[in-house]
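In our numbering, the protein residues as written are 195 to 641.
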Amino acid sequence: MEISTMSTEKGTRVVVVGGGVSGFSCALELKSLKARCTVLEKEKTVGGRARSFTESGYIFDQGLHFFVGGFKSLIPILERSGVRMTTVGEGAVWLKDGDRHIIRKSAVDLTKFGLLPVADRVKLGLLVQENIKRSEEDFKELDKMTFSEYAEDKKIPETIQNEFYDPLIRTVTFMEPSEVSAGQYLYSEHLRFAYEDGFIAMYPESGGLGSVAHTLMLQARNFGVEPQVNCAVKQVIIDDGKVVGVDYEQDGESKHLDTDAVVLTTPIDLLPNFVKMSDLPKDFAKKAAKFEYAPSTVAYIGLKSRVLAFNVGAFVPGKKINIVAEAKRVSGVLAPIGESLLTVTGIDKELLKMSDEEATAAILEELELLIPGMKEKVTWKKSWKIWKSVLKQPPGIMDDRLTTNRTGVEGLYVAGPHANCGIYYDCMEAASKSGIACAGEMIEDLM
């Protein structure tokens, strides 16, 4: 086993496990600590759940992310670093029976929402206006019930639930209205409607979402951070209540690093893969055990030509698939020149039981019903399961959300949308904020 120690090095050593948005946001902020910082990423490229890869001339994103106008933290960092952002859609789209129903910038658009009768549009507008005015304490109170219970309490008509809320909730949370916290969902809705540009979706002009983490990595490397890929961490070594090292494998070779601190930016339900849970304080271990991630199925369909007149994702009421989006062609980067790329996701449990090939076929059948003639244009298809896609948000999740990155073990920290991010929504913005907050706590502890 190759061993690196601090015997000939001065200063503090920090190891960040996970080369995603949270990990590199943390590493960047640690520059004032003047620590030797190493980022260990198990995949061959950085990005984590925001990683991109290339296949058959297409650039694919591993997870399902985009930027919305209500997120004000990460976009300026990227733009200062030279990442050009482009608007890929200026509204939320519901797709039903071949027709598009759009809400662009404000609740006023609800009065024109064609999926609902006029009386229901007025009711929905009042519900949205009420939600815009809610405070964080209001959302915490609503976190005690499911959205279905909230809908019953508010006497929300079934038409509004089925045509508007259901597809939106399933897309945002990957959960059913009867499972998800009302407070969590309504908080995410608040982020969209409470800001003038909250429904604007943005995306890097080229390179896929992987360019986000890649840009953060380049910045971090300029400050001396050491990113390493193909590094699978096997164990965080804790001795007498203090982190002392990390065991990992790189390209099949066992290695060890002595370190003063470790930041775990992986999904929190994977903690037992890295630490002995008996080494953690009972209160922290109990809270961490409540977090799970919701799986989904993703399909990518290559097309001879466009089939949709918009780029932003569309919510699909009452279907196995819950969102459809067509890639914006930017100089042929996301799809080969002259072709287009359709992205489809779904949380239907039957899809999760199928093989990738069976799921692809089932999704194509659903798409043909939504967009007649689409199958004739298919040139390429692929689907797979994303098991670590979105943090589950059951009732009580706001109280369970970690308000610190510290674990109670000296030198051991966690970062990600589950910890100390000040935002109740699983997204790149939350991941970045958590990484930055984690660095702040580490600087307090280690300087």
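Even for Gly, the Cβ is constructed at its ideal location relative to N, Cα and C.
For Leu-535, the enclosing beta strand (DSSP E) starts and ends at 534 to 540.
Note: Arg-230 is bridge-paired with Arg-207 in the DSSP secondary-structure output.
Spatial neighbours of Arg-600 in its own chain (CB-CB distance under 7 Å, excluding positions within 5 residues in sequence) are listed in chain order as Tyr-607, Glu-635.
For Phe-485, there is no enclosing alpha helix (DSSP H), since its DSSP letter is neither H nor E. Assignment of Thr-459 by DSSP, reduced to helix, strand and coil, places it in the coil class. Cβ-Cβ separation between Glu-533 and Gly-496: approximately 6 Å, consistent with a contact (criterion under 8 Å). Assigned with DSSP and collapsed to three states, Met-369 falls in coil, not helix or strand.
Looking at the DSSP output, Val-518 shares a beta bridge with Ala-508, Val-538.
Remark: C-beta atoms of Phe-333 and Ile-363 do not approach each other more closely than 8 Å. A Cβ-Cβ contact shorter than 8 Å links Gly-404 with Ala-244. The Cβ neighbour count for Gly-377, taken over all protein chains shown within 10 Å, is at least 16; the residue is labelled buried. For Ala-609, the number of other beta carbons within 10 angstroms of its own is at least 16, and it is reported as buried. The DSSP assignment places no complete beta strand (DSSP E) segment of no fewer than 3 residues inside the stretch 326 to 372. Here Ser-448 is exposed, its C-beta having fewer than 16 other C-beta atoms within 10 Å.
For Glu-443, the pairing in a beta bridge is given by DSSP as Ala-426, Ser-448.
Boundaries of the alpha helix (DSSP H) harbouring Phe-387: 376 to 387, taken from the DSSP string. In this structure, the CA atom of Pro-270 is about 18 Å from the CA atom of Gly-616. Note on Ser-329: under 16 other CB atoms within 10 angstroms of its CB, so exposed under the neighbour-count rule. Counting along the chain, the unbroken alpha helix (DSSP H) around Leu-268 starts and ends at 268 to 274.
Closest option to Asn-516, judged by alpha-carbon separation, among Leu-227, Gly-605, Thr-365: Thr-365. The straight-line gap separating the alpha-carbon atoms of Ala-633 and Lys-513 is approximately 43 Å.
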